[in-house]
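Chemist:
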Amino acid sequence: MSEMDEIIKEFLVESNDNLDQLDRDLVELEKEPDSSELLARIFRAIHTVKGTSGVLGFGKLESVAHVGESLLSRMRDGKLRLNSKIATGLLKMVDALREVLQSIDSTGGEGDGDYSSVIAQLKQLLESALEERTPLGQILVEKTEQAVQEALAAQHAGDGRKLGEILVERGAVSPDILNEALRLQQSEAGSHVSGSSIRVDVNLLDKLMNLVGELVLARNQILQFTGTETDSAFLGTAQRLNLITTELQEGVMKTRMQPIGNVWSKFPRVVRDLAAQLGKQVRIEMEGTETELDKTIIEAIKDPLTHIVRNSVDHGIEMPEERNASGKCEEGRLTLRAFHEGGQVNIEIHDDGRGIDLERLKQKALERGQISAEQTARMSEREALNLIFRPGLSTAQSVTNISGRGVGMDVVKTNIEKIGGTVDVHTVKGEGTTLKIKIPLTLAIILALIATSGCERFAIPQVSLLELVRLEGEQAEQGIERIHGAPVYRLRGNLLPLVYLNQQLELGNSAHGDAVNIVVLQADDRQFGLVVDEINDTEEIVVKPLGKQFKGLSCFAGATIMGDGKVALILDVLGIAQMSSVVTEVRERAALETEHRATDSAVGRDAWLVFQVGRSRRMAIPLSAVSRLEEFPAKMIEPSGSDWVVQYRGQIMTLIDIAQELDGENATEKQQTLQVIVYSKQGRSVGLIVDQIVDIVEEAVAMESDEVKSDRVGSAVIQGRVTDLLNVEALMKNPNLQEARR
Amino acid sequence: MSATQQFCTFLLDGLFFGVEVEKVQEVIRHQETTRVPLANRAVGGLINLRGQIVTALDLRRRLELAERDRGVVPMNVVVRSDDGAVSLLVDEIGDVVEVQENEFEPPPDTLQGMAREMIRGAYKLKTRLLLVLDTERAMKV
């Protein structure tokens, strides 16, 4: 009995593969209905299914496959040409077969589905094709056969050229057909290698992958001992173990790699059916189908990709008339592209449809109360575009059974982010939309920097790492400055916010010496410096998930076992950045509101240096324009012409007293020590005298454009308070400045 | 004669606890743990169990009992769950005890606090009470 089960299981797996191939081939055949290669393959597949199901006693399967086979045999004999009606009929048959197979898989029986309508439809197609006429194919075949005989005779008679050449020259065969035949010959010869691959249970592969992970860890442990051992035989063996493990790891990883084409292969069918249903014409093109990805990732992106493809066909590509009217080719084009880049896989889905209507998107979001009218007006194009990733939003004018119900893109984004990927959308109105997805190659083994903080070791994923900075001695004491308590470090002129890992994780004080180690990290589009006690090494680590007891902890991405057998936590760089407010955006849906709070493309989300001028004026300039913060004793300020200047780093720097410029107050005479912001742009530096540095904030700042007081100052709300934004450029250019100085 | 059930027993601040024997994967001596900053107080840390990373829960803290004296190393009772294994840190391991189903009694209403949620009841043994730990609840930190 179990042997029988085995056979049936084998049959199911094989038939399902066959049917998947059939889907692809039928759609392909619709494009080139005369391809004898495709026809032969389709016929073979159906024939196999029919034959085996007959032997195994699956009558239903056999009867459905049988009508399909008769139809196909006519086509193969050239008596019938595929048209869209026949293609639809055959695809329906494939669906019917698949349904029966599924039922056999789950219940063991063929189920009680009724397929008589499918059978009847196919039979009708067959009959309608049976008008007797001398079949065109037969005439062609006979004619070609005659030509081949003649060509063979010529070869016999001493013509040294190849058979194909002779036939083409005599006009008996077109070069296209010859090439096709040559390719077929090749693929038939090539099909002998099929015996060199076998089916392997996925669970077994997963287990192997786990074991290799363990082996990598054990190898790392052994390698740690090599530091203390001197025995050369041991060292040699350890070295060999190292090499073999690495190769084995690569090999096993490869077995789990699958070409992305495996997922894509079902799209032609999806697109065909959907387009037919909607009355659209869509051609799908795929590039880079051989791009390989880890199996788990393939599984994870399957549904999001399908959703995107359906979306593109449903709302991206227009109806033929509409396309015609806008001067486009009636047939819409959907392009899928995949390629490797920097250890990541890029997938792009492009359609040449109507693009996303940002106005309507905003309108919808407004109607649903997701954003306010005020926000709508201020929204940048990018932000408006990102609205499509909000739950419950759809721009489809009508809700169809395909899409437009507003569930989807948010799920797509969540699912892709879950596997460490990103989604980006670009659209040009009237020209089309492109979705760009970036995902990691594999999730299991990553390169990480090991760092110590508060006597604990942590792994920091290498992908987020930008550089390492070590400050020693005097540098360590003076290099780190504070802006109202917030530590910063000047990294090549830019202020880098610092986060002390031991403080963030409440590890208590660490016993570090006088050196400061800064790990410069990238979180989203922000950079920050993570201060750790010690930087150990980079290592390949096996990522293991944390138990559900740690669900709420966003600062850890998992754990790993180190070379000495101890467990170390893997830091989630984005999580740490959010915890420490380096990235103010909180990724929960509920908090999306704040993320999109009133922004303007000209100002946007940025880091701002907030300072006080005069007694009460709160002002800000972009942090990126600030190169240093300095204090000068008032006596260092010297007059030079009409300007106040200070000797600074061997140069003369002009100072601008903002209070005086704007309000006519003079700060220079009031204070002993002057707070100066060194502002640099395009190589020019100027010192801005302010009363007090308040804070560095990262916030999406909305310019209140209607309240601009002059070209030098605008207003915005930062940290809930009205803050003037200083336009230093305008201030420097303003002729009034010259006058005021005199 | 009623049905019998085997319990793996351990001591926790003088209390005699038991976990159904089939739920226990293994009992191991003290392991070096890596603490998880910012985690729940009851989490003792992470241990390396032959290449598997297992969360260790300090049962004393979980049950709001007194802290273990310094220098006393806990033992690990590794318990299976749907979400992988979890190790329970206990003071001392006892024998496997066989109990009669009819000796069981649910906890009295006077039992309050955390313990109320995690103690399913007690088996009235001859000399002492065997408290039955609800491992599923205990693991839900």
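Chains A and B, in that order, are what the protein sequence lines are.
For what it's worth, our numbering labels the leading residue of the first sequence as 356, then goes sequentially.
For what it's worth, our numbering labels the leading residue of the second sequence as -1, then goes sequentially.
Backbone N, C-alpha and C fix where the C-beta goes; we use that ideal spot for every residue, glycine too.
#1: Leu44 (chain B) versus chain A: which residues are under 7 Å apart at the beta carbon?
#2: CB-CB under 8 Å to Asp919 (chain A), same chain, minus the five flanking residues each way: which ones, in chain order?
#3: In three-state terms, what does DSSP make of Phe911 (chain A)?
#4: Reducing DSSP to helix, strand and coil, say where Lys386 (chain A) ends up.
#5: Starting from Met116 (chain B), follow the alpha helix (DSSP H) in both directions and report where the run begins and ends.
#6: So if I threshold CB-CB distances at 9 Å, which residues from the segment 26 to 42 of chain B count as touching chain A?
#7: Between the alpha carbons of Gln1006 (chain A) and Ile704 (chain A), how many angstroms are there, rounded?
#8: Tell me Arg745 (chain A)'s beta-bridge partners as DSSP assigns them.
#9: Grab me the residues of Gln604 (chain A)'s own chain with a C-beta within less than 8 Å of its C-beta, minus the 5 sequence neighbours each way, in chain order.
#10: Count the other C-beta atoms from every protein chain shown that fall within 10 angstroms of the C-beta of Met974 (chain A), then say buried if there are 16 or more, exposed otherwise.
#11: By alpha-carbon positions, which one of A:Ala912, A:Ala914, A:Glu647 ends up nearest to Phe694 (chain A)?
#12: With C-beta atoms as the reference, is Asn679 (chain A) less than 7 Å away from Glu685 (chain A)?
#13: Going by CA-CA distance only, name the one from A:Ile663, A:Asp556, A:Leu411 that's closest to Arg611 (chain A).
#14: May I ask you to report which of helix, strand or coil DSSP gives Ile672 (chain A)?
#15: Per the DSSP calculation, Pro659 (chain A) is bridged to which residue(s)?
#16: Taking one C-beta from the segment 868 to 876 of chain A and one from the segment 0 to 8 of chain B each time, how about it: are there three or more such pairs within less than 8 Å?
#17: Give me the subset of the segment 679 to 693 of chain A whose CB atoms are less than 8 Å from a CB atom of chain B, sorted by chain position.
#18: Less than 7 Å between CB atoms is the rule here; does Val19 (chain B) satisfy it with respect to chain A?
#19: Between the segment 778 to 790 of chain A and the segment 803 to 819 of chain A, do at least 3 Cβ pairs fall closer than 8 Å?
#20: Below 7 Å CB to CB, which residues in the same chain sit around Met674 (chain A) once its five sequence neighbours on both sides are set aside?
#21: Skipping 5 residues on each side, what residues in its chain have a beta carbon closer than 8 Å to that of Glu993 (chain A)?
#22: Label Gln479 (chain A) either buried or exposed according to how many other C-beta atoms from any shown protein chain fall within 10 Å of its C-beta, with 16 as the threshold for buried.
#23: Please list the segments of the alpha helix (DSSP H) lying wholly inside the segment 571 to 628 of chain A, counting only runs of 4 or more residues, in order along the chain.
#24: So with CB distances below 7 Å, who are the chain B contacts of Gly1165 (chain A)?
#25: Are Val52 (chain B) and Thr133 (chain B) closer than 7 Å when you measure CB to CB?
#26: For chain A, find out if any of its Cβ atoms is closer than 7 Å to the Cβ of Phe15 (chain B); answer yes or no.
#27: Give every residue of the same chain whose Cβ lies closer than 7 Å to the Cβ of Lys21 (chain B), excluding the five residues on either side of it in the sequence, and list them in chain order.
#28: Apply the 10 Å Cβ neighbour rule to Asp378 (chain A) and answer buried if 16 or more other Cβ atoms are within range, or exposed otherwise.
#29: Taking the C-alpha atoms as reference points, what is the distance between Arg983 (chain A) and Gln1074 (chain A)?
#30: Under 8 Å, with one C-beta from each stretch per pair, do the segment 435 to 453 of chain A and the segment 417 to 424 of chain A reach the 3-pair mark?
#31: Would you mind working out which of A:Arg554, A:Lys784, A:Ile794, A:Gly409 sits nearest Thr651 (chain A), comparing C-alpha positions?
#32: Using DSSP with H/G/I as helix, E/B as strand and the rest coil, what is Gly643 (chain A)?
#33: What does Val139 (chain B) reach in chain A if we use C-beta pairs closer than 8 Å?
#34: Would you say Gly111 (chain B) reaches chain D, if we count a Cβ-Cβ gap shorter than 7 Å as a contact?
#35: Using only the alpha-carbon positions, how far apart do Asp460 (chain A) and Thr443 (chain A) sit?
#36: Residues of chain A with CB under 7 Å from Gly49 (chain B), in chain order?
Modeler: Concretely, from the data shown:
#1: Sequence index remark: in the second sequence, residue 44 (chain B) carries index 46 (1-based). Neighbours of Leu44 (chain B) on chain A, chain order: Ala914, Val922.
#2: Reading the first sequence from its first residue, position 564 is the one you call residue 919 (chain A). Within the same chain, Asp919 (chain A) has close Cβ partners Gln576, Gln579.
#3: If you number the first sequence from 1, residue 911 (chain A) lands on position 556. Residue state for Phe911 (chain A) is assigned as strand, using DSSP reduced to three classes.
#4: Mapped onto the first sequence, residue 386 (chain A) falls at position 31. The answer is helix: DSSP assigns Lys386 (chain A) an H, G or I state.
#5: The residue given as residue 116 (chain B) occupies position 118 in the second sequence. Element bounds for Met116 (chain B): 111 to 116.
#6: Those residues of the segment 26 to 42 of chain B that come within reach of chain A (Cβ to Cβ, closer than 9 Å) are Glu30, Thr31, Thr32, Arg33, Val34, Pro35, Leu36, Ala37, Asn38, Ala40, Val41.
#7: Sequence index remark: in the first sequence, residue 1006 (chain A) carries index 651 (1-based). Sequence index remark: in the first sequence, residue 704 (chain A) carries index 349 (1-based). Using only the alpha carbons, I get a separation of about 54 Å.
#8: Taking the first sequence and counting its residues from 1, the one referred to as residue 745 (chain A) is at position 390. Arg745 (chain A) is not bridged to any residue.
#9: If you number the first sequence from 1, residue 604 (chain A) lands on position 249. Contacts found: Val567, Leu570, Val571, Ile800.
#10: Along the first sequence, one-based indexing puts residue 974 (chain A) at 619. Around the beta carbon of Met974 (chain A), 16 or more other beta carbons sit within 10 angstroms, so the residue counts as buried.
#11: As a working note, residue 694 (chain A) is residue 339 in the first sequence. It is A:Glu647 whose Cα lies nearest to the Cα of Phe694 (chain A).
#12: On the first sequence, position 324 is the one that residue 679 (chain A) refers to. On the first sequence, position 330 is the one that residue 685 (chain A) refers to. Yes.
#13: If you number the first sequence from 1, residue 611 (chain A) lands on position 256. Arg611 (chain A) has its Cα closest to that of A:Asp556, out of A:Ile663, A:Asp556, A:Leu411.
#14: Position 317 of the first sequence, counted from the start, is the residue given in the question as residue 672 (chain A). The answer is coil: DSSP assigns Ile672 (chain A) none of H, G, I, E or B.
#15: Within the first sequence, residue 659 (chain A) is the residue found at index 304, counting from 1. The partner list for Pro659 (chain A) (beta bridge, DSSP) is empty, contrary to what the question assumes.
#16: Verdict: no, contact absent.
#17: Within the segment 679 to 693 of chain A, no residue places its CB atom closer than 8 Å to a CB of chain B.
#18: Translated into the one-based positions of the second sequence, residue 19 (chain B) becomes position 21. False, the Cβ-Cβ gap to chain A never drops below 7 Å.
#19: Result no; under three Cβ-Cβ pairs closer than 8 Å.
#20: Counting from one through the first sequence, the residue named residue 674 (chain A) turns up at place 319. Excluding positions up to five away in sequence, the list reads Gly634, Lys635.
#21: As a position in the first sequence, residue 993 (chain A) is number 638, starting the count at 1. Within the same chain, Glu993 (chain A) has close Cβ partners Trp999, Val1000, Val1001, Gln1002.
#22: Within the first sequence, numbered from 1, the residue matching residue 479 (chain A) stands at position 124. Taking all protein chains shown into account, Gln479 (chain A) has fewer than 16 neighbouring C-beta atoms within 10 Å of its C-beta and is therefore exposed.
#23: Under the rule that a run must span 4 or more residues, the alpha helix (DSSP H) segments found entirely inside the segment 571 to 628 of chain A read 587 to 610, 616 to 619.
#24: No answer is possible for residue 1165 (chain A): the residues shown for chain A start at 356 and end at 1097.
#25: Numbered from 1 along the second sequence, position 54 holds the residue referred to as residue 52 (chain B). Numbered from 1 along the second sequence, position 135 holds the residue referred to as residue 133 (chain B). Not closer than 7 Å, so no.
#26: Position 17 of the second sequence holds residue 15 (chain B). Using beta-carbon distances, Phe15 (chain B) does not count as an interface residue toward chain A, since no partner is under 7 Å.
#27: Here residue 21 (chain B) is taken as the residue at index 23 of the second sequence, counted from 1. Hits under 7 Å: Val77, Arg78, Thr133.
#28: As a first step, residue 378 (chain A) must be located in the first sequence, where it is residue number 23. Asp378 (chain A) sits buried, since 16 or more C-beta atoms from the chains shown fall within 10 Å of its C-beta.
#29: Here the question's residue 983 (chain A) lines up with position 628 in the first sequence. Here the question's residue 1074 (chain A) lines up with position 719 in the first sequence. The alpha-carbon atoms of Arg983 (chain A) and Gln1074 (chain A) are separated by roughly 23 Å.
#30: Segment contact: the segment 435 to 453 of chain A against the segment 417 to 424 of chain A, three or more CB-CB distances shorter than 8 Å; contact assigned.
#31: Stepping through the first sequence from its first residue, residue 651 (chain A) is reached at position 296. Looking only at A:Arg554, A:Lys784, A:Ile794, A:Gly409, the smallest Cα-Cα distance to Thr651 (chain A) is reached by A:Ile794.
#32: Locating residue 643 (chain A) in the first sequence gives position 288, counting from the first residue. Shown here, Gly643 (chain A) sits in coil according to DSSP, grouped into three states, outside any helix or strand.
#33: In the second sequence, counting from the first residue as 1, residue 139 (chain B) sits at position 141. Those are Gln904, listed as they occur along chain A.
#34: In summary, chain D is missing from the structure at hand, where the protein chains are A and B.
#35: In the first sequence, counting from the first residue as 1, residue 460 (chain A) sits at position 105. In the first sequence, counting from the first residue as 1, residue 443 (chain A) sits at position 88. About 26 Å.
#36: In the second sequence, residue 49 (chain B) corresponds to position 51, counting from 1. The CB of Gly49 (chain B) comes closer than 7 Å to the CB of Glu569, Leu572, Ile916 in chain A, given here in chain order.
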